[in-house]
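The structure under discussion appears below in the form of structure tokens.
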Amino acid sequence: MRRILAVLLGFSLLAVPSAFAHAQAAAYAEITSVEAQGFPQISALMNIYDANGRFVDGLTPASVTAYEDGQPRPVDDVTQSEVPVQLVVAVNPGPGLAVRDANAVPRFTRAVETLSQWVNSQPADSKDDLSLVSLSGSLITHANVKDWFVSLDSFKPDFRNTTPNLQTLSIALDTVSAATPQPGMKRAILFITPHMDDPNIDNTIAPLIQRALEARVRVFVWFVDAEAYFPTASANAFKSLALQTSGSFFVFSGREVFPDLNIDLAPLRQVYTLTYTSSLSTTGEHALGMDVETSQGTIHAPEQTFSVDIQPPNPIFISPPLQILRQPPADDPYNDEVLLPARQNIEIIVEFPDGHPRALKRTTLYVDGQIMDENTSEPFETFAWDLSAYEIGGQHEIIVNAEDTLGLQKSSMGIPVTVTVIQPPRGIQALLARYRSYLVLGAIGLAGIALLTILLVGRSGGELFKKRREKRKRFEDPVTQPIPVLTELSDHRSSAAKRSKTAPRRGAWLQVAPRAPRRPEAPAYLYRLTNGGEPASVLPIPVLEKDLTFGTDPVQCIRVLDDPSISPLHARIKQTPEGGFVIYDHGSVAGTWVNYEPVTREGRHLAHGDRIHFGQLLYRFDLNQPAAEPELKIISKRSAS
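Counting along the sequence shown from 1, when you hit position 117 you're at 431 in the working numbering, and nothing is skipped either side.
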């Protein structure tokens, strides 16, 4: 009767695997993690398994399509690589593990020997994460292979006096569900257990199977017990656990050979890394799904959410010019056609506040709201500001705008830039100064020609010169020179001659050329000084006018000063009704200074001996009749007393 029941149970057990195989006859793919740190490059780890639980090899970018927020994106790269495994060995103590074979070796010891061989086959740099649990809890967690085996080898529970239960499997699921130390690692449990006498084991193990499925944990069961317990309900439940989680089920009575754990864990050591270029332009949560084309058809990987911070690029000026001075060339200060500089280079840097540097589409320089220069290719950080159109000084605002390949753009803060334009001097003096060298050469040439003419005609014309000299001498001698008679006499002189009743003598009235009126003396003078304070060899400027203006423009100014530092209308000196003098500055670029202090538009009174700077030109102001300084009187201390 017992044999009949065992046969019936065996047939029922044989029917179970096919049922479970049907439950697992579906391939699946999953995205385990999404990394957006390298945005706009997004990378994801993906697993894909066939219906037999084998890892699908040989994927290419063409066989995978990424769906970003439901929008398809081509995959740039697919890489298959190895990853460590997170393994928890759960020992469920029971009398079946303590039974010895013909050599007096317990069944559990045989299992430990097999695990020892597996440990010795692992590379020295293995990154596998191993834990050991039992009914009493965790014995060692998240250790390397060597340390883990030391703990397993020293594990000596009282198998004969312990009743096995599912508490060990529950602790193993808690341990393996912890975060993996490396992205992409798979989880597995090696459950070493004897049979259990729980009549309700199917209902008890069902929640644990569900937990393993949700956590994608593969469970490998080593059922270690006598052959008589192979067809029991607990063996059937453990087999269901292994097959539903894509693990394996192995029975050991003492004569069988334990499976190679490397073969069981091999499908868990592979992972795909997929990379694609994102088209996202908003910050927040996003979803990523995958479709994989395989020989078994299209396999869809459910969406995995990820977050990314996306901000527009931020352009920043590098040492922008706050002032630009345009003036004639230094070697040609009277050039009225060329002002330098003709262009101003502007440099920027572009930062990405979201920490995701990416390519730029364009950068644009705006001056007063108008596009001045634009870059649509490298380099994006340099601009050329054309200054040729600025012939009048003024203030301008520069702004730079940057746009990345995602279409995000941002403008910088406006920077005010003052452009100062110094026009060259104009008028006769400027013309003479500009062509001074040519005029000097011309004068020298003319003098040479005149000297040559004198030398050539000197001898032949000597007599002529001699006669002319004697004739001139007679005219110069008051005794011999003729006295011309006035041809027209005034009425009162004619009347006087008539009254004298005598004819006027020849030469009685002489015609004398009128003298030029003498120029009045100025009340004050400006004496030009050198940079060392010494008088310069030029005539002083008399201050005769009530309002005397100075500058380079002869139309606006009475006194034209020839120097690049002088403005067209630079300054003026006015006489006050009281006879004093006040100097004013007319907003000149280089300024007007008295005794090294700037003069404002409100003006400043001048005193005898004051030193005046018109730009770089230095003058001394002297009154024609300065006030007498009071004499110093020395009073003797003795006489005072």
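Don't be surprised by glycine CBs; every beta carbon is placed ideally from N, CA and C.
Worksheet entry | Where Thr-844 falls, given that 16 or more other Cβ within 10 Å makes a residue buried | Translated into positions along the sequence shown, residue 844 becomes position 530. Exposed, because fewer than 16 other Cβ atoms sit within 10 Å of the Cβ of Thr-844.
Worksheet item: According to DSSP, is Leu-755 helix, strand or coil?
Response: As a working mapping, residue 755 is identified with position 441 in the sequence shown. Leu-755 falls in the helix class under three-state DSSP.
Practice prompt. With a floor of 4 residues, list each alpha helix (DSSP H) that falls wholly inside the segment 457 to 498, ordered by position along the chain.
Written response: 459 to 467, 481 to 490
Discussion item. By alpha-carbon positions, which one of Ser-593, Val-754, Leu-639 ends up nearest to Leu-722?
Written reply: Along the sequence shown, read from residue 1 onward, the residue named residue 722 stands at position 408. Looking at the Cα atoms, Ser-593 is the closest of the given residues.
Item to complete: Mind listing, in chain order, the continuous beta strand (DSSP E) runs of no fewer than 3 residues lying wholly within the segment 376 to 405?
Response: 378 to 382, 385 to 396, 399 to 405
Worksheet item: My guess is that Phe-422 and Phe-463 are in contact by the Cβ rule of under 8 Å, so how many angstroms apart are they, rounded?
Response: In the sequence shown, residue 422 corresponds to position 108, counting from 1. In the sequence shown, residue 463 corresponds to position 149, counting from 1. About 14 Å; that fails the 8 Å criterion.
Discussion item. Within 8 Å of any Cβ in chain C, is that where the Cβ of Asn-550 sits?
Written reply: Among the chains of the structure shown, chain C does not appear; only one protein chain is present.
Worksheet item: Is Ala-942 helix, strand or coil by DSSP?
Response: To locate residue 942, count along the sequence shown from 1; it is residue 628. It is coil, neither helix nor strand.
Discussion item. Quick test of the definition: if touching needs 3 or more C-beta pairs under 8 Å, does the segment 905 to 913 touch the segment 923 to 931?
Written reply: yes
Worksheet item: Assuming Ile-994 contacts Ala-404 under a Cβ cut-off of 8 Å, what Cβ separation, rounded to an integer in Å, is found between them?
Response: Absent from the model: residue 994. The displayed extent of the chain is 315 to 955, so no value can be given.
Worksheet entry | Cut-off 7 Å between Cβ atoms - residues of its own chain near Leu-760, not counting five sequence neighbours on either side | If you number the sequence shown from 1, residue 760 lands on position 446. Counting only Cβ-Cβ distances below 7 Å, and skipping sequence neighbours, we find nothing.
Item to complete: Can you check DSSP and say which residues form a bridge with Pro-856?
Response: Along the sequence shown, one-based indexing puts residue 856 at 542. In DSSP, Pro-856 forms a bridge with Tyr-839.
Item to complete: Identify which residue in Gln-930, Val-585, Gln-431, Pro-634 has its Cα closest to the Cα of Pro-497.
Response: Taking the sequence shown and counting its residues from 1, the one referred to as residue 497 is at position 183. Cα-wise, what sits closest to Pro-497 is Val-585.
Practice prompt. Taking the CB atoms as reference points, tell me whether Val-426 and Leu-466 lie closer together than 8 Å.
Written response: Stepping through the sequence shown from its first residue, residue 426 is reached at position 112. Stepping through the sequence shown from its first residue, residue 466 is reached at position 152. Yes, the Cβ-Cβ distance between Val-426 and Leu-466 is below 8 Å.
Worksheet item: Taking only runs of the alpha helix (DSSP H) that begin and end inside the segment 423 to 450, which ones reach a length of at least 4 residues, in chain order?
Response: none
Practice prompt. Leaving aside the five residues before and after Gln-355 along the sequence, list all residues of the same chain whose C-beta is less than 7 Å from its C-beta, in chain order.
Written response: For this step, residue 355 is matched to residue 41 along the sequence shown. Here the set comprises Thr-589, Thr-591.
Discussion item. Taking the alpha-carbon of Ser-347 as reference, which of Met-499, Gln-625, Thr-393, Gln-394 has the nearest alpha-carbon?
Written reply: Taking the first residue of the sequence shown as position 1, residue 347 is located at position 33. Checked all of Met-499, Gln-625, Thr-393, Gln-394; the closest Cα to Ser-347 is Met-499.
Worksheet item: If you draw a straight line from the C-alpha of Leu-937 to the C-alpha of Ala-698, how long is it?
Response: The residue labelled residue 937 in the question sits at position 623 within the sequence shown. The residue labelled residue 698 in the question sits at position 384 within the sequence shown. So the two alpha carbons sit approximately 53 Å from each other.
Item to complete: Pick out whichever of Leu-753, Val-903, Ala-941, Ile-685 has its Cα sitting closest to the Cα of Ala-838.
Response: Residue mapping note: residue 838 aligns to position 524 of the sequence shown, counting from 1. Minimum Cα distance to Ala-838 is reached at Ala-941.
Worksheet item: Using the beta-carbon count (16 or more within 10 Å), is Leu-527 buried or exposed?
Response: Along the sequence shown, one-based indexing puts residue 527 at 213. It is exposed - the Cβ of Leu-527 has fewer than 16 other Cβ atoms within 10 Å.
Worksheet item: Considering only residues of the segment 633 to 663, which uninterrupted beta strand (DSSP E) runs meet the minimum length of 3 residues and lie entirely inside it, listed in chain order?
Response: 637 to 640
Worksheet item: With a cut-off of 8 Å, do at least 3 Cβ pairs link the segment 617 to 625 to the segment 387 to 407?
Response: no
Practice prompt. Give the range of the beta strand (DSSP E) segment to which Thr-346 is assigned.
Written response: Position 32 of the sequence shown, counted from the first residue, corresponds to residue 346. Run containing Thr-346: 342 to 349, per the beta strand (DSSP E) assignment.
Discussion item. Give me, in chain order, the residues of the same chain whose beta-carbon lies closer than 6 Å to that of Thr-863; leave out the 5 immediate sequence neighbours on both sides.
Written reply: Working through the sequence shown from its first residue, we reach residue 863 at position 549. Here the set comprises Cys-871, Ile-872, Arg-886.
Worksheet item: Given a threshold of 16 other Cβ atoms within 10 Å of its Cβ, counted over all protein chains shown, does Gln-641 qualify as buried or as exposed?
Response: Within the sequence shown, residue 641 is the residue found at index 327, counting from 1. Buried.
Item to complete: State buried or exposed for Arg-368, treating a residue as buried only when at least 16 other CB atoms are found within 10 Å of its CB.
Response: One-based indexing of the sequence shown puts residue 368 at position 54. Classification for Arg-368: exposed.
Worksheet item: Could you check where the alpha helix (DSSP H) with Pro-521 kicks off and where it finishes?
Response: Locating residue 521 in the sequence shown gives position 207, counting from the first residue. Per DSSP, Pro-521 belongs to the alpha helix (DSSP H) from 515 to 528.
Practice prompt. Alpha carbon to alpha carbon, how far is Val-392 from Leu-373? Give it in angstroms, no decimals.
Written response: Residue numbering aside, residue 373 sits at position 59 when the sequence shown is read from its first letter. Residue numbering aside, residue 392 sits at position 78 when the sequence shown is read from its first letter. Answer to the nearest angstrom: the Cα atoms are 7 Å apart.
Worksheet item: Based on the DSSP secondary-structure assignment, which residues constitute the bridge partners of Gln-618?
Response: Mapped onto the sequence shown, residue 618 falls at position 304. In the DSSP output, where bridge partners are listed per residue, Gln-618 has Leu-602.
Worksheet item: Exposed or buried, which one is Val-826 when buried takes at least 16 other CB atoms within 10 Å?
Response: Locating residue 826 in the sequence shown gives position 512, counting from the first residue. Any reading at Val-826 needs caution, since the residue's pLDDT is 41, under 50, leaving its predicted position unreliable; the model's value is listed next. Exposed is the call here.
Worksheet item: From this set, Lys-460, Leu-401, Thr-587, which residue's C-alpha is nearest Gln-394's C-alpha?
Response: The residue you call residue 394 lines up with position 80 of the sequence shown. Comparing Cα positions, the closest option is Thr-587.
Fill in: Straight-line Cα distance separating Ala-457 from Ser-562
Translated into positions along the sequence shown, residue 562 becomes position 248. Translated into positions along the sequence shown, residue 457 becomes position 143. Taking the straight line from one Cα to the other gives about 24 Å.
Worksheet item: In this structure, does DSSP put Phe-694 in helix, strand or coil?
Response: Indexing the sequence shown from 1 puts residue 694 at position 380. Coil at Phe-694, not helix or strand.
Discussion item. If you follow the beta strand (DSSP E) that Leu-674 is in, where does it begin and where does it stop?
Written reply: As a first step, residue 674 is located in the sequence shown; it is residue number 360 there, counting from the start. First-last of the beta strand (DSSP E) with Leu-674: 674 to 681.
Fill in: Proximity winner among Glu-665, Leu-504, Phe-353, relative to His-600 (alpha-carbon distances)
The residue you call residue 600 lines up with position 286 of the sequence shown. Among Glu-665, Leu-504, Phe-353, the Cα nearest to that of His-600 is on Phe-353.
Discussion item. Quick check on DSSP: helix, strand or coil for Ser-554?
Written reply: Here residue 554 is taken as the residue at index 240 of the sequence shown, counted from 1. Note: Ser-554 maps to helix in three-state DSSP.
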